[in-house]
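Note that my numbering has the sequence shown beginning at 811, numbered continuously upward.
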Amino acid sequence: MSRIFLSSPDVGLLEREALLRAFDSGWVAPAGPELDAFESDVAAITGWPGAVAMSSGTGALHLALLEQGVQPGNDVLVSSFTFAATANAVAYCGATPIFIDSDTATWNMSPQLLAEELAAAKRRNRLPAAVVVVDLYGQCADYDEIVPACHELGIPVVEDAAEALGATYKGRPAGALADTGVFSFNGNKIITTSGGGMFVSPDIDAASRVRHLATQARRPATHYEHTEIGYNYRLSNLLAALGRAQLQRLHVMSQRRLQINERYRELLAGVPGLSFMPIAPWGGWNGWLTCVVFDDVVARDAVQRALNDNDIESRPLWKPMHLQPVFAEASARVDGTSEYLFDHGMCLPSGSVLTDDQIDFVATVACEAAQR
Ligand SMILES: Cc1ncc(COP(=O)(O)O)c(C=O)c1O
């Protein structure tokens, strides 16, 4: 059996033809009709009018923060349990991240710890300029708790939905649950443009400003007039064509990932001390990665080793940002939740290209190693 990857791109004839069509159209340029159409397609998913296709989710987060007015020296509250890109975008703005731990119910930002930190910030007379909430592993955070608590103090909320395209919260689409949202189309995400991202907003003017910043902040003059610092963050027309083809299959690919999760749940049901990422009552998880937690760290390590020995890729859960050396100086409001998950958890191969036989093989290897 060839190597089993965690989450490899699921692309085929549809995507190949879309790419070649864009190529043959002559729009082998940064801009073009596929780019506009891709933005409209994603805008339609969110129900918001503003969408700007970018070269990465990280770039989209950076400009989302700038658009919310984050400036050097500001504080920004950020989920600690996430990929580094979320916190890096804060650092790009010259702002300081303050990390908030997860709750055990969803592994997303704890509304209670957030409320405690907001109260402390109020007492310090130093409110954060923004809050960045992550929809971890494709499941939405509890926005009905988080957004009002921030808005009451006039603090904007950015939704890092990099992993959550296609997910919903109480029937509302991920990405459109706060003041602005961000998606990633990196190679390991639920859809991919090989690399790319999207900024989304309910405000068409905000989207225009972000599009301007992402295009080197060029004023419309033949000599390129610049009145502010810009960025080269736009997605290309060719990659947008790939993204549009992938979007047509988003639902099918998400359903396949959910099926894979169900299969793991059946096959691993007998493993003592193993539990799955909790699925929140508000539903709508997109199935991005199947994550499990072992009561016993020794069993987790044994499973990881056995998978690796059998040419199966797995990965620990995210190392919390407050434990990362690069953010050692940052403050954090934590209660041990994400640290426990990092120590005890792992992600299993979950890509929509995986066959049932491959999932069965992963589960067999994991079961044997956990019970040895
Ligand atoms: C939670 C989270 N935020 C941001 C990003 C950054 O996205 P990109 O890789 O497209 O820059 C990722 C993934 O890579 C992510 O998982």
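Think of the CB as a built atom: it goes at the ideal place given N, C-alpha and C, for glycine as much as any other residue.
- Span of the alpha helix (DSSP H), counted from its first residue to its last, around S1148: Taking the first residue of the sequence shown as 1, we reach residue 1148 at position 338. T1147 to H1154 is the extent of the alpha helix (DSSP H) around S1148.
- Task: On a CA-only basis, which of Q1114, V1136 and E1139 is nearest A1179? Give me that one, please.
- Result: Counting from 1 along the sequence shown, the entry for residue 1179 is found at position 369. Per the Cα distances, Q1114.
- Task: Under 8 angstroms Cβ to Cβ from R1075, same chain only, skipping five residues before and after it: list those, please.
- Result: Here residue 1075 refers to the residue found at position 265 of the sequence shown. Answer for R1075: F1086, listed in chain order.
- Near ligand 1: N996 beta-carbon under 7 angstroms from a heavy atom: As a first step, residue 996 must be located in the sequence shown, where it is residue number 186. Yes, ligand 1 has a heavy atom inside 7 angstroms of this Cβ.
- Query: Skipping 5 residues on each side, what residues in its chain have a beta carbon closer than 6 angstroms to that of Y759?
  - Reply: Residue 759 lies beyond the residue range present for the chain, which begins at 811 and ends at 1182; the question has no answer from this structure.
- Could you tell me whether the stretch 853-863 touches the stretch 909-927, where touching means 3 or more Cβ pairs closer than 8 angstroms? no
- Message: Let me check understanding here. Comparing Cα to Cα, which of C1177, F1171, R1182 and A1176 lies closest to S812?
- Response: Reading the sequence shown from its first residue, position 2 is the one you call residue 812. The candidate whose alpha carbon is nearest that of S812 is F1171.
- Message: For L816, tell me which candidate among A897, G1097, S850 and C1157 has the shortest Cα-Cα distance.
- Response: Mapped onto the sequence shown, residue 816 falls at position 6. Per the Cα distances, C1157.
- Tell me whether the beta-carbon of T856 lies closer than 8 angstroms to the beta-carbon of G985. Here the question's residue 856 lines up with position 46 in the sequence shown. Here the question's residue 985 lines up with position 175 in the sequence shown. A contact, by the Cβ cut-off of 8 angstroms.
- Task: Quick one: residues in its chain with C-beta nearer than 6 angstroms to the C-beta of R1066, no 5 flanking neighbours on either side, listed in chain order?
- Result: Position 256 of the sequence shown holds residue 1066. Result list for R1066: S1162, in chain order.
- For the beta strand (DSSP E) that C1101 lies in, which residues bound it at each end? As a first step, residue 1101 is located in the sequence shown; it is residue number 291 there, counting from the start. Here the beta strand (DSSP E) through C1101 covers T1100 to F1104.
- Query: Does DSSP put P1135 in a helix, in a strand, or in coil?
  - Reply: Your numbering for residue 1135 matches position 325 in the sequence shown. Note: P1135 maps to helix in three-state DSSP.
- Task: Could I get the ranges of all uninterrupted alpha helix (DSSP H) runs contained in the stretch 832-864, with 4 residues as the minimum, in chain order?
- Result: 843-856
- Item | Extent of the continuous beta strand (DSSP E) run through A940 | Taking the sequence shown and counting its residues from 1, one reaches residue 940 at position 130. From DSSP, the beta strand (DSSP E) with A940 extends over A940 to V944.
- Message: Taking the alpha carbon of G1080 as the reference point, which residue from F1104, D1121, A841 and T896 has its own alpha carbon closest?
- Response: Within the sequence shown, numbered from 1, the residue matching residue 1080 stands at position 270. Of the listed residues, the one whose Cα sits closest to G1080 is F1104.
- In terms of alpha-carbon separation, which member of M1131, D1167 and H1154 lies closest to A897? Locating residue 897 in the sequence shown gives position 87, where the first residue counts as 1. Comparing Cα positions, the closest option is M1131.
- Task: Indicate the three-state DSSP secondary structure (helix, strand or coil) for E1035 in the structure shown.
- Result: Translated into positions along the sequence shown, residue 1035 becomes position 225. The answer is strand: DSSP assigns E1035 an E or B state.
- Message: For V1175 and P1159, I'd like the C-alpha separation in whole angstroms.
- Response: Stepping through the sequence shown from its first residue, residue 1175 is reached at position 365. Stepping through the sequence shown from its first residue, residue 1159 is reached at position 349. Near 12 angstroms, if we compare the C-alpha coordinates of P1159 and V1175.
- Message: My assumption, with CB atoms under 8 angstroms, is that G1040 sits in contact with A1031. Please give the rounded CB distance.
- Response: One-based indexing of the sequence shown puts residue 1040 at position 230. One-based indexing of the sequence shown puts residue 1031 at position 221. That belief does not hold up - the Cβ atoms of G1040 and A1031 are roughly 14 angstroms apart, past 8 angstroms.
- Query: CB P907 to CB A1140, shorter than 8 angstroms?
  - Reply: Looking up residue 907 in the sequence shown gives position 97. Looking up residue 1140 in the sequence shown gives position 330. Yes.
- For G1053, the first and last residue of its enclosing alpha helix (DSSP H): As a first step, residue 1053 must be located in the sequence shown, where it is residue number 243. First-last of the alpha helix (DSSP H) with G1053: N1047 to Q1058.
- Message: Distance check for N998 and D954, CA to CA, integer angstroms please.
- Response: Along the sequence shown, read from residue 1 onward, the residue named residue 954 stands at position 144. Along the sequence shown, read from residue 1 onward, the residue named residue 998 stands at position 188. Distance between the alpha carbons of D954 and N998: 29 angstroms.
- Query: V967 to L1133, Cα distance in whole Å?
  - Reply: The sequence position of residue 967 within the sequence shown is 157, counting from 1. The sequence position of residue 1133 within the sequence shown is 323, counting from 1. Each residue's alpha carbon lies about 24 angstroms from the other.
- When we look at the beta-carbon of T892 and count the other beta-carbons within 10 Å, is it buried (16 or more) or exposed? In the sequence shown, the residue the question calls residue 892 occupies position 82. Buried.
- Message: Threshold first: 4 residues or longer. Then list the alpha helix (DSSP H) segments lying entirely within the stretch 913-962, N to C.
- Response: 921-934 and 953-961
- Item | V886 - partner residues in DSSP beta bridges | The residue you call residue 886 lines up with position 76 of the sequence shown. Bridge partners of V886: P907 and A940.
- On the premise that Q1181 lies in contact with L824, defined as a C-beta separation below 8 angstroms, what is that separation, rounded to the nearest angstrom? Taking the sequence shown and counting its residues from 1, the one referred to as residue 824 is at position 14. Taking the sequence shown and counting its residues from 1, the one referred to as residue 1181 is at position 371. Their Cβ separation, rounded to whole angstroms, is 42 angstroms, which puts L824 and Q1181 out of contact at 8 angstroms.
- Query: Going straight from the alpha carbon of N1096 to that of N1047, what length do you get?
  - Reply: Translated into the one-based positions of the sequence shown, residue 1096 becomes position 286. Translated into the one-based positions of the sequence shown, residue 1047 becomes position 237. Rounded to whole angstroms, N1096 to N1047 spans 27 angstroms at the Cα level.
- Item | Same chain, Cβ closer than 6 angstroms to A1051, neighbours up to 5 away in sequence not counted | Here the question's residue 1051 lines up with position 241 in the sequence shown. For A1051, where only same-chain residues beyond five positions count, the Cβ hits under 6 angstroms are A828, L829, A832 and E844.
- What three-state label does DSSP hand I1000 in the structure shown? Residue numbering aside, residue 1000 sits at position 190 when the sequence shown is read from its first letter. Coil.
- Along the chain, where does the beta strand (DSSP E) that runs through V968 open and close? Numbered from 1 along the sequence shown, position 158 holds the residue referred to as residue 968. Note, V968: beta strand (DSSP E), V967 to D970.
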